[in-house]
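>
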Amino acid sequence: MAFLALKTLSRKEGTTSAILAVALLVAILASMSSIVNHINSQTEALSRIPEIGEAYLILSNNSTSITDSQVDVNLANLVSDSDVKYVIPQKVFAATLATNSSNHTAVVRAVVDVQTFFNVRNARVKGDIANANEMQANVGEILARLASINVGDKVSVNVGDKALKVKIVGIIQTQTQSDAELIIPMKLANHLFRNDDKVSLIEFAPKDPNMKDEVINHVTKLLPPNTKIIKVQQLKTFMQNVNNQTLSFLSLWSTIVYIVVIAASYVLATRLIAESSYDLAMLRALGAKKMLTFKLILTYTATTALLGSILGLALGIAGSQMASTAVRWMWPSFEISPFLEVGQALQILLLTFSSSIVGCVYPAFKSACKTYVEKQPL
Amino acid sequence: MTLRDFKYLRNQRILTLALILTLASTLFSITAFSLLGFYRGFNAYLGEGKDIVAIYEKRSHSPFTGVVPMHLTEQVRPINGVLASSPEVIAPCILKSEPIFIRGIVPEEFSKLNPLAIVKGHMLELTDINSAIVGRGLAERLSLDLGNKVLVLGVLADRYMELQVKGIYESQSTMEDEALVPVYVGQWLRGIDYGHVTLIRVKINEDQLSSSDLLNVIAKESSEPAQTSPSEEEGKQAEGIIPVVKTSLSLEDIGVEEAQRFMRSYLDRYGVTKETLLILSIMVFVFASASVAAASTTLIQQHKHEIGVLRSLGASNKSIRKDLLAKLLFWSLAASAAGITLATATLTTIDRSGYLQVLSHRILFQLEPLIVALNFILVSLLVATTITRSSLKH
Chain W
1 MAFLALKTLS
11 RKEGTTSAIL
21 AVALLVAILA
31 SMSSIVNHIN
41 SQTEALSRIP
51 EIGEAYLILS
61 NNSTSITDSQ
71 VDVNLANLVS
81 DSDVKYVIPQ
91 KVFAATLATN
101 SSNHTAVVRA
111 VVDVQTFFNV
121 RNARVKGDIA
131 NANEMQANVG
141 EILARLASIN
151 VGDKVSVNVG
161 DKALKVKIVG
171 IIQTQTQSDA
181 ELIIPMKLAN
191 HLFRNDDKVS
201 LIEFAPKDPN
211 MKDEVINHVT
221 KLLPPNTKII
231 KVQQLKTFMQ
241 NVNNQTLSFL
251 SLWSTIVYIV
261 VIAASYVLAT
271 RLIAESSYDL
281 AMLRALGAKK
291 MLTFKLILTY
301 TATTALLGSI
311 LGLALGIAGS
321 QMASTAVRWM
331 WPSFEISPFL
341 EVGQALQILL
351 LTFSSSIVGC
361 VYPAFKSACK
371 TYVEKQPL
Chain E
379 MTLRDFKYLR
389 NQRILTLALI
399 LTLASTLFSI
409 TAFSLLGFYR
419 GFNAYLGEGK
429 DIVAIYEKRS
439 HSPFTGVVPM
449 HLTEQVRPIN
459 GVLASSPEVI
469 APCILKSEPI
479 FIRGIVPEEF
489 SKLNPLAIVK
499 GHMLELTDIN
509 SAIVGRGLAE
519 RLSLDLGNKV
529 LVLGVLADRY
539 MELQVKGIYE
549 SQSTMEDEAL
559 VPVYVGQWLR
569 GIDYGHVTLI
579 RVKINEDQLS
589 SSDLLNVIAK
599 ESSEPAQTSP
609 SEEEGKQAEG
619 IIPVVKTSLS
629 LEDIGVEEAQ
639 RFMRSYLDRY
649 GVTKETLLIL
659 SIMVFVFASA
669 SVAAASTTLI
679 QQHKHEIGVL
689 RSLGASNKSI
699 RKDLLAKLLF
709 WSLAASAAGI
719 TLATATLTTI
729 DRSGYLQVLS
739 HRILFQLEPL
749 IVALNFILVS
759 LLVATTITRS
769 SLKH
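Residue numbers (our numbering), protein chains in the order written: chain W, 1 to 378; chain E, 379 to 772.
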């Protein structure tokens, strides 16, 4: 009896328009998702561009910046045993630089091997490279201009109550932050601090870029838990985050569409009940239980939603493809290839189906609760 | 026979139609407001006035990735009619694991184009080597406060640096989601030399100068013998802090255009115009309208007995339709207004939370009269069409 009743309900005039109503809503979702997929695939393609930089930093786990980080300098020896191009432990701190004419607060970077550091930074040096044994330092070009420091000048580096007098032997240009720093050998920096075994960071780069994942995994295993490794150039993270922003918009927008699906489903169930009042009343007169009426309306709406979703997916995918082809004809340089992944299609199908069930439960329940007399048309 | 006094429509049933109309209207409004908000925000990114002109690289794929010689800044500055020229480097970066845009500027020149209201701390100076001022939106999003030291990681270059927050500013534009640093810091993070910037914004006196005049001056420069890097002509620029690197200039690579038009041209390349976004929003409404049509038909189905009684009393189909229209149009307009209100409330809440972003900039939505009018028109048309086309026969 249930099957026959369902057949009768599905032959009602409004079934086609009900399927179409759901289909069009799903089509909007499918086409919008496929366009967003295209945009995201473009940004992902950008993030796959080989990154020029291969530098990594080892910092202390609880640090939010460089100057508040402290890591064991001996970790550098552990890292250097791996397949790395270079390892540079660095101590970075703020100091007051006193020259003959003025005082300036600046960042001082202490490195063990100044030459290697300059090589990594592709530095151009006007003058010589600082030698630890002769209390020498190099100054970045911007800091030199700002503080009027020249080669041959003597600068006093003051940190708290400790001071160190160095001679400027060269001015460097690196196109990095070091252009605004004083670069000194680590040996000199240790005169200013008690903790010789601590540095702010350890910078390193894997020798073979193709093997970087293996190297990073190996280094990670060597490090104590209070340290972290950070990749310097973050192209991939940036692109992924930007994609997530677009997806957040799509999620919000989709939520509203699903709310419309719930409302549409409510309307469709109400319409079915209004159109089939005679049939439902007859069913009850023939002895159908309340639950059967409820199940019938639920099944009808679920079937309509499922068919509508499938049709909507097809419409959405085909529509966005046709629109993109038309756009390519009009603007040949404009490349757009919308696509929908199987997982996304299934998700849309499932969410539409669930939304439809939610929307039809109340009218179905209300109709099931009505007595034969209440259902009977006038 | 007038049906105005016959109250045969049940409010509860009308409410279902009103609900679905409200939702369709909300969907249309949210789509249109957010898409147009993004479009407007993107266009106004470099300034809205016709007196702001951008000097940019024509071949770049985005407004953030081009490079132009920085020495053009000095070259256009003395021209009669130029009020300010601001070299700017836009560097995408990662801060606290979040994507942000850092803009390298010459504060004095930048302030002539975009006066910033410092709400906390101090204004940036060119000599602030390791400092940044951050927009209020960004500060709220990343919980940044005055004096905070943060590690900034490069995206387009293998660079990292520590910056200290010197001030927090307010700008009532998309710039609120950015951080400002001295131009050379921007160059480090963007990975370009001291001779180049992303673009130069020029404020002109429209009565004295046009963008084409500016281009002519640049053309004159390009016709002179080129001096290439690294054989630079060292000089003093921007208070003598930034090393000057004079670079070769290829005129066909340089564009000079009104800033807003320049930004619009990037969207135009991808077929994104105000019209296409409006059509897209209308399409969304049209697709949702099948549900509205179903709701209208359902309403008539639910009142078929009442309509039958009216017909038996002598009311014609035409008069019933007229009466239905008159009664439902009011509800439609109310539902439409409710939809707009709901959309505005939703977008305002989301905007305040900073959840909705495109390219790390918040979508600044605005109540557009055109969208509001379109909403009312579309909803009324839809209801009118479905009522007039529906069958009233029992």
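Don't be surprised by glycine CBs; every beta carbon is placed ideally from N, CA and C.
Can you name the residues of chain W whose CB is closer than 8 angstroms to the CB of S738 (chain E)?
Stepping through the second sequence from its first residue, residue 738 (chain E) is reached at position 360. Those within 8 angstroms of S738 (chain E) in chain W are N241, V242 and Q245.
> Over what stretch of residues does the beta strand (DSSP E) that includes M239 (chain W) continue unbroken?
The sequence position of residue 239 (chain W) within the first sequence is 239, counting from 1. M239 (chain W) -> not in any beta strand (DSSP E); alpha helix (DSSP H) instead, spanning L235 to E275.
> Counting only beta-carbon atoms, is S521 (chain E) nearer than 8 angstroms to chain B?
In the structure shown, chain B does not exist; the protein chains are W and E.
> Could you compute how far the alpha carbon of R328 (chain W) sits from the alpha carbon of M322 (chain W)?
Along the first sequence, one-based indexing puts residue 328 (chain W) at 328. Along the first sequence, one-based indexing puts residue 322 (chain W) at 322. Near 10 angstroms, if we compare the C-alpha coordinates of M322 (chain W) and R328 (chain W).
> Let me know the secondary structure DSSP gives D213 (chain W) once reduced to three states.
Here the question's residue 213 (chain W) lines up with position 213 in the first sequence. Reduced to three states, the DSSP call for D213 (chain W) is helix.
> Cβ of A673 (chain E) less than 8 angstroms from any chain W Cβ?
Taking the first residue of the second sequence as 1, we reach residue 673 (chain E) at position 295. With 8 angstroms as the cut-off, A673 (chain E) counts as an interface residue toward chain W.
> Can you give the Cα-Cα distance for V761 (chain E) and S667 (chain E), rounded to whole angstroms?
To locate residue 761 (chain E), count along the second sequence from 1; it is residue 383. To locate residue 667 (chain E), count along the second sequence from 1; it is residue 289. Each residue's alpha carbon lies about 9 angstroms from the other.
> In chain E, what lies closer than 7 angstroms to I248 (chain W) by C-beta?
One-based indexing of the first sequence puts residue 248 (chain W) at position 248. Going by the sequence as given, residue 248 (chain W) is Ser instead of Ile. Ordered by position in chain E, the residues that pass the 7 angstroms Cβ test against S248 (chain W) are Y733 and L734.
> Less than 8 angstroms between CB atoms is the rule here; does Y258 (chain W) satisfy it with respect to chain E?
Taking the first sequence and counting its residues from 1, one reaches residue 258 (chain W) at position 258. So, not an interface residue.
> Which chain E residues sit within Cβ distance under 8 angstroms of S17 (chain W)?
By 1-based counting over the first sequence, the position of residue 17 (chain W) is 17. A668, A671, A672 and T675, listed in chain order.
> Report yes or no: do the segment 188 to 204 of chain W and the segment 140 to 149 of chain W share at least 3 C-beta pairs separated by less than 8 angstroms?
No, because fewer than three Cβ pairs between the segment 188 to 204 of chain W and the segment 140 to 149 of chain W fall closer than 8 angstroms, the two stretches do not touch.
> Scan the segment 262 to 274 of chain W for residues whose Cβ lies nearer than 8 angstroms to a Cβ of chain E and list them as they occur along the chain.
Within the segment 262 to 274 of chain W, the residues whose Cβ lies closer than 8 angstroms to some Cβ of chain E are A263, A264, Y266, V267, L268, T270, R271 and A274, listed in chain order.
> Judging by CA-CA distance, which residue of E:V559, E:I660 and E:A672 is the nearest neighbour of L752 (chain E)?
Counting from one through the second sequence, the residue named residue 752 (chain E) turns up at place 374. Nearest option by C-alpha distance: E:I660.
> Is there a C-beta anywhere in chain W that falls below 8 angstroms from the one on V533 (chain E)?
By one-based count along the second sequence, residue 533 (chain E) stands at place 155. Yes, contact with chain W.
> What are the residues of the segment 59 to 82 of chain W that lie near chain E, defined by any Cβ-Cβ distance shorter than 9 angstroms?
Answer in chain order: L59, S63, T64, S65, I66, T67, D68 and S69.
> Buried or exposed: A723 (chain E), going by 16 or more other Cβ atoms within 10 Å of its Cβ?
The count along the second sequence starts at 1 and reaches residue 723 (chain E) at position 345. With fewer than 16 other Cβ atoms within 10 Å, it is exposed.
> In terms of residue numbering, what span does the beta strand (DSSP E) encompassing R481 (chain E) cover?
Counted from its first residue, the second sequence places residue 481 (chain E) at position 103. Looking at the DSSP string, the run of the beta strand (DSSP E) that includes R481 (chain E) is E476 to I483.
> Run through the DSSP bridge pairs and tell me what S31 (chain W) is partnered with.
What you label residue 31 (chain W) is simply residue 31 of the first sequence in a count that begins at 1. S31 (chain W) is not bridged to any residue.
> Kindly indicate which three-state DSSP category L286 (chain W) falls into: helix, strand or coil?
For the purposes of this step, residue 286 (chain W) is taken as the residue at position 286 of the first sequence. Of the three classes helix, strand and coil, the one that applies to L286 (chain W) here is coil, per DSSP.
> What span of residues does the alpha helix (DSSP H) with E452 (chain E) cover, start to end?
Here residue 452 (chain E) corresponds to residue number 74 of the second sequence, with the count starting at 1. Start and end: H449 to V454.
> In whole angstroms, give me the CA-to-CA distance for S710 (chain E) and T409 (chain E).
Translated into positions along the second sequence, residue 710 (chain E) becomes position 332. Translated into positions along the second sequence, residue 409 (chain E) becomes position 31. Whole-angstrom Cα-Cα distance: 20 angstroms.
> First and last residue of the alpha helix (DSSP H) that includes Q344 (chain W)?
For the purposes of this step, residue 344 (chain W) is taken as the residue at position 344 of the first sequence. Note, Q344 (chain W): alpha helix (DSSP H), V342 to C369.
> Quick check: the Cα distance between A55 (chain W) and Q173 (chain W), rounded to an integer number of angstroms?
For the purposes of this step, residue 55 (chain W) is taken as residue 55 along the first sequence, with counting starting at 1. For the purposes of this step, residue 173 (chain W) is taken as residue 173 along the first sequence, with counting starting at 1. Going by the C-alpha atoms only, they are around 19 angstroms apart.
> Under DSSP, the alpha helix (DSSP H) around P747 (chain E) begins and ends at which residues?
Position 369 of the second sequence, counted from the first residue, corresponds to residue 747 (chain E). Run containing P747 (chain E): P747 to R767, per the alpha helix (DSSP H) assignment.
> For D83 (chain W), does the count of other Cβ atoms within 10 angstroms reach 16, so buried, or fall short, so exposed?
As a first step, residue 83 (chain W) is located in the first sequence; it is residue number 83 there, counting from the start. Classification for D83 (chain W): exposed.
> Once you ignore the five residues that flank I39 (chain W) on each side, which residues in its own chain have a CB closer than 7 angstroms to its CB?
As a working mapping, residue 39 (chain W) is identified with position 39 in the first sequence. Cβ within range, chain order: T246.
> Taking 8 angstroms as the threshold (beta carbon to beta carbon), is Q232 (chain W) in contact with chain E?
Sequence index remark: in the first sequence, residue 232 (chain W) carries index 232 (1-based). Per the sequence shown, residue 232 (chain W) should be read as Val rather than Gln. Output row for V232 (chain W): interface = yes.
> What does F665 (chain E) reach in chain W if we use C-beta pairs closer than 8 angstroms?
Looking up residue 665 (chain E) in the second sequence gives position 287. Per Cβ cutoff of 8 angstroms: L24, L25, A27 and I28.
> Tell me the DSSP secondary structure of H574 (chain E) in three-state form.
Reading the second sequence from its first residue, position 196 is the one you call residue 574 (chain E). It is a strand residue.
> Measuring only the C-alpha atoms, how far is D536 (chain E) from H574 (chain E)?
For the purposes of this step, residue 536 (chain E) is identified with residue 158 of the second sequence, where counting begins at 1. For the purposes of this step, residue 574 (chain E) is identified with residue 196 of the second sequence, where counting begins at 1. Cα to Cα, the separation comes out at about 18 angstroms.
> Which residues of the segment 614 to 648 of chain E have a Cβ closer than 8 angstroms to any Cβ of chain W? Give them in chain order.
From the segment 614 to 648 of chain E, only G618, I619, I620, P621, R647 and Y648 have a Cβ closer than 8 angstroms to chain W.
> Kindly list, in the order they appear in chain E, the residues whose Cβ is closer than 9 angstroms to that of L252 (chain W).
What you label residue 252 (chain W) is simply residue 252 of the first sequence in a count that begins at 1. Result: I408, S412, T724, I728, Y733 and L734.
> Taking N186 (chain W) as part of the alpha helix (DSSP H), name the residues at either end of that continuous run.
As a first step, residue 186 (chain W) must be located in the first sequence, where it is residue number 186. The amino acid occupying residue 186 (chain W) in the given sequence is Met; Asn does not appear at that position. It spans M186 to L192 - the alpha helix (DSSP H) in which M186 (chain W) sits, taken as one unbroken run.
> Terminal residues of the continuous alpha helix (DSSP H) containing R568 (chain E)?
Position 190 of the second sequence, counting from 1, holds the residue named residue 568 (chain E). Start and end: V561 to R568.
> Using the Cβ count rule (16 or more neighbours within 10 Å means buried), how would you classify H500 (chain E)?
Counting from one through the second sequence, the residue named residue 500 (chain E) turns up at place 122. With fewer than 16 other Cβ atoms within 10 Å, it is exposed.
> Kindly indicate if chain W contains any beta-carbon less than 8 angstroms away from that of T443 (chain E).
Counting from one through the second sequence, the residue named residue 443 (chain E) turns up at place 65. So no, T443 (chain E) is outside the interface.
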